[in-house]
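Numbered by full-length UniProt numbering, the letters in the sequence shown go through residues 176 to 1052 in order. A quick write-up on the structure given underneath.
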Amino acid sequence: MSDDDVDVSMEEMGGDREEGGQGVVSEEGTGVGQPGDVPGKISDKGGDVKDMAPSQKKEGQKEYVEGVTASKKPAVYISLNRRSEIQEQRLRLPILSEEQVIMETIREHPVVIVCGETGSGKTTQVPQFLYEAGYAESAMIAVTEPRRVAAISMSQRVATEMNLSSRLVSYQIRYEGNVTEDTRIKFLTDGVLLKEVQRDFLLTKYSAVIIDEAHERSVYTDILIGLLSRIVPLRHQKGNPLKLVIMSATLRLKDFTENSQLFKVTPPVVKVESRQHPVTIHFNRRTPEDYLAEALRKVCKIHRQLPEGGILVFVTGQQEVHSLCCKLRALFPVPASTGGKNAASTGDDDEDEPESSQLPKISLDDYPVLPLDEEAELEQTEDDDLETLDESDDNTSLRGSEGRREQPMYVLPLYSLLAARGQAQVFKPPPEGSRLCIVATNVAETSLTIPNIKYVVDTGKVKTKFYDKVTGVSTFRVTNTSQASANQRAGRAGRTGPGHCYRLYSSAVFNDDFVEFAVPEIMRRPVDDLILQMKDMGIDKIVNFPFPTAPDNDALQAAEKLLLLLGALDKVTPVKTTRRTKKVRYSTRITPLGRTMACFPVSPRYGKMLSLAHQHNLLPYVVALVAALSVQELFVGVDKPTEEEEEKEDQKQRRTQLIRQKLTWAGAGNSQLLGDLMVLLKAVGACEYVGCSPGFCEKYNIRHKAMLEIRKLRTHLTNSVNAVISGVNLAVDPHMAPPSEQQAKCLRQIVLAGFGDHVARKMDNPSAEGDTKMLKYAYQTLTLDEAVYIHPGSVMFKQRPQYVVYQYIDETSHMYMKGVSAVEPDWLPLFVPSFCSFSKPLDKPPPRFSDTGRVVCHMTSTFGGHFWELPAVELEY
Ligand code: CDP
Ligand code: MG
């Protein structure tokens, strides 16, 4: 990548894909309802319900209503047969009064930004406005969501509101969807739309694209906006305009509006005034260490002391959600007779896993409400706690005083991986006589608006994945959220009436320690998959791509390095030399292998593994393996023992049970067990063999839900493999036989080829610093100075082979390698040649699986600069 490259032009961005797209354009119909002709909808709000009454209409059959706009042009809109209660609900949404302004702005401008408080109706209403204005007539309306949960739930909600079925208002997420040929409005994750751009650069299937939740700054959203900034003018040139609507909650628009690289003309912003009720913010006077205990204490206190109204608690992850739910349910059970069966048990039985059964019984005394005088001892300046409320509000709720029955609490979890059934629950009213309490991750911050929340309890924490750009080590860390997020969270309390937000941290922490806005995701994560996809689209000069916020140079370089290693990119000669440093610069271009890799809906490493698997007739195994690797935490408890848990006998036994592989897969022998990835594969094979029964999963500590997810992914990946590789026609075989010895070895080589930069070697003389107990497990990697260790949950923990390849390093109590497989040193020159140095220089091209011709080369290699002496090998290339 060079600093002195010129600006990327539209032609460069489009590449030759543009032509392909044009062919599709001509297929699109014209006629009534062609979006370009629609002058706007007459603004008789709600009139469409009463006036049209198209009850005998066949679903999806359009009814055109002519009206007259101020400009006297005939207006066309499509009526919908909404149910009256839905229409009433819609009319209460602030965005409804802005419909005309929004639609006129969209009609007059190619790109429009709609900005409004969460809950104002952006996601549910704007697609309907466009539909009614005819934009779904000749092509579809796309609505992108950064989260899968939102894509599914919003498509269902919009279908219900429009009184249309999921055939017309559908969703598509990475591995599933219900899109049909009749689909008019398609909710999809941003990543899925990005894949579609790859196939059809001009997005000719769509007349309008709505990028929702742009403020979240998800990496795919950012790239899509960059691409769409070029696609929109191209579509205009082709005479088939595309409308782009960017929707955002918090007001941080300058990355979009004040970015001349992005849009040549600054897009207009339509602001939706919200009917937000006042929310009183209460800061804690001090910030507690244990925010979960504090959250529990605060919820109990609100419930016991404050009037009716739902409580929404923000914690950081699924486990915290479940743990808090269990404790609250135990404290304030909903009697089965009031319809609270679900709440009293789990409400999402398949999600709640063993947590509930493991939890000790909690007595009310374990979590006493702090005596008021303890709080009174603290500084008065921020004394803004519940007691203030007690006096001002008409307190009619039950108090938890001795001898009095406490009001039940209907506790529900909400996080992004929660099954659809669990998600839908939060929109329903709680059983009579109980108070609704939702324990959520930040998915409830802006994506989903839960009705009737009066109290928000904000831990101020968020779980974020951090990647070290150089080493590739990823860690999940709980950090303070941003001020913008905290304000969003508070806003959730004021949807239906005045509310209260209890911040479990002090105002000093909020002012001094919270960043104003979260750092966009693109700045925080590796970008190898994005670079590959962009290169595949013909965008070569990535440094000049109009990112709303550009990833930093280190990340771009690391991505390019990995893609070169994987053989997805080639260095192009002639090389450039910078005058000052005399440093040689290469530009890179995508290889045929890279193009194949880019077609798979998986990261480049897995794409490489799938490509190699084809050459070795191992596709069904690698498909199953990649599916298993894409699902987190297949084994209950084994993947993430904490230090204390490791001491626990039962955890040890579970691991031993796994390691000994009582798990039988139609006779697979233990000799193949040279890695965790083989265990994964074995688990999938064995589990499918017995029909994936919950009983089997429980017996072997396998998460049944994860296994079902793997099954879905296998089918999806099998379909993409069939589509990508010509002549391949795989089917998912539930009775897949275990791999032979030779195949199992080849599978480990394929894993090495995908993770060549993740090789580690056992340390001969590890220094005695640090944890002496762990010394014999110490390994050296290519990128880290300090030692890493095989994770105790690994089947390789005891074996400690000399060379291993790991999936990733997880930094918890130690730097732990996870997903470890044994590799042979003489595989390294062949599978990871670019990290080896050879005693005899190698001619180009470097040895690769796909190359033919035999040249013998003896060498001693040093691997990755660590001087690991490798045995002499014969290289074939
Ligand atoms: O996108 P924005 O945050 O502006 O609002 P929205 O998601 O369109 O939500 C508008 C309203 O619809 C909110 O009051 C939600 O509570 C309600 N809604 C609902 O009742 N059921 C759903 N499944 C989704 C939204
Ligand atoms: Mg929304």
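Beta carbons are placed, not taken as given, at the ideal position from N, Cα and C, and that holds for glycine.
- If you draw a straight line from the Cα of Tyr781 to the Cα of Gly929, it is about 6 angstroms long.
- Shortest gap from the CB of Lys297 to any heavy atom of the ligand CDP: under 8 angstroms.
- Residue pairing by DSSP puts Pro588 in a beta bridge opposite Val614.
- With 16 or more neighbouring CB atoms inside 10 Å of its own CB, Arg460 falls in the buried class.
- Following the DSSP letters along the chain, one finds Arg479 inside the alpha helix (DSSP H) bounded by residues 466-480.
- Following the DSSP letters along the chain, one finds Thr319 inside the beta strand (DSSP E) bounded by residues 315-320.
- Across the set Pro453, Leu437, Thr763, Ala326, the C-alpha of Ala326 shows the shortest separation from the C-alpha of Asp365.
- By the CB criterion at 9 angstroms, Val632 and Leu679 fall inside the cutoff.
- Going by beta carbons, Val447 and Gly674 fall outside the 9 angstroms limit.
- Here the distance from the Cβ of Ser622 to the nearest heavy atom of the ligand MG is below 8 angstroms.
- Of the candidates Leu305, Gln264, Arg265, Leu305 places its Cα closest to the Cα of Thr280.
- When DSSP reads this structure, Asn655 sits in a beta bridge with Lys636.
- For Asp715, the secondary structure class from DSSP, reduced to helix, strand or coil, is coil.
- Look at Phe685 here: in three-state DSSP terms it is helix.
- Leaving aside the five residues that flank Asp430 on each side, the residues in its chain whose CB is nearer than 7 angstroms to its CB run, in chain order, Pro723, Thr724.
- Leu266 sits exposed, since fewer than 16 C-beta atoms from the chains shown fall within 10 Å of its C-beta.
- In this structure, DSSP gives Tyr981 a state outside helix and strand, which the three-state scheme calls coil.
- Val797 carries a helical assignment under DSSP once its states are collapsed to helix, strand and coil.
- Non-local C-beta neighbours of Val896 in its own chain, meaning closer than 7 angstroms and more than five positions away in sequence, comprise Leu785, Leu794, Val798, Val903, Leu905, ordered along the chain.
- Pairing Ile270 with Ile421 gives a Cβ-Cβ distance that is not under 9 angstroms.
- Contact check for Pro695 against Leu437 fails: the beta carbons are separated by 9 angstroms or more.
- Taken from the Cβ of Phe1042, every heavy atom of the ligand CDP lies 8 angstroms or farther away.
- By the C-beta criterion, the stretch 727-742 is judged not to be in contact with the stretch 661-673, since fewer than 3 inter-stretch pairs fall below 8 angstroms.
- About 7 angstroms separates the beta carbons of Leu744 and Arg764, which is inside the 8 angstroms limit, making them a contact pair.
- A direct Cα-to-Cα measurement between Leu368 and Leu399 gives close to 8 angstroms.
- Secondary structure of Ser868 (DSSP, three-state): coil.
- Excluding residues up to 5 positions away in sequence, Leu741, Gly742, Ala743, Leu768, Met772, Ala928, Gly929 lie with their Cβ nearer than 8 angstroms to the Cβ of Lys783 in the same chain.
- Rounded to whole angstroms, Phe376 and Pro482 show a C-alpha spacing of 55 angstroms.
- Unbroken beta strand (DSSP E) stretches of 3 residues or longer found wholly inside the stretch 956-1012: 963-965, 978-980, 983-986, 990-993, given in chain order.
- Ala599 and Val324 have their C-alpha atoms spaced approximately 10 angstroms apart.
- In this structure, the C-beta of Thr293 approaches the ligand MG to less than 8 angstroms from one of its heavy atoms.
- Between Tyr981 and Val995, the gap from beta carbon to beta carbon is short of 9 angstroms.
- Considering only Leu800, Gly414, Val394, the residue with the shortest C-alpha distance to Ala693 is Val394.
- DSSP places Thr298 inside the alpha helix (DSSP H), whose first and last residues are 297-307.
- Ranking Thr491, Pro442, Gly672 by CA distance to the CA of Lys640 puts Thr491 first.
- Straight-line spacing of the CA atoms in Ile628 and Leu487 works out to 6 angstroms.
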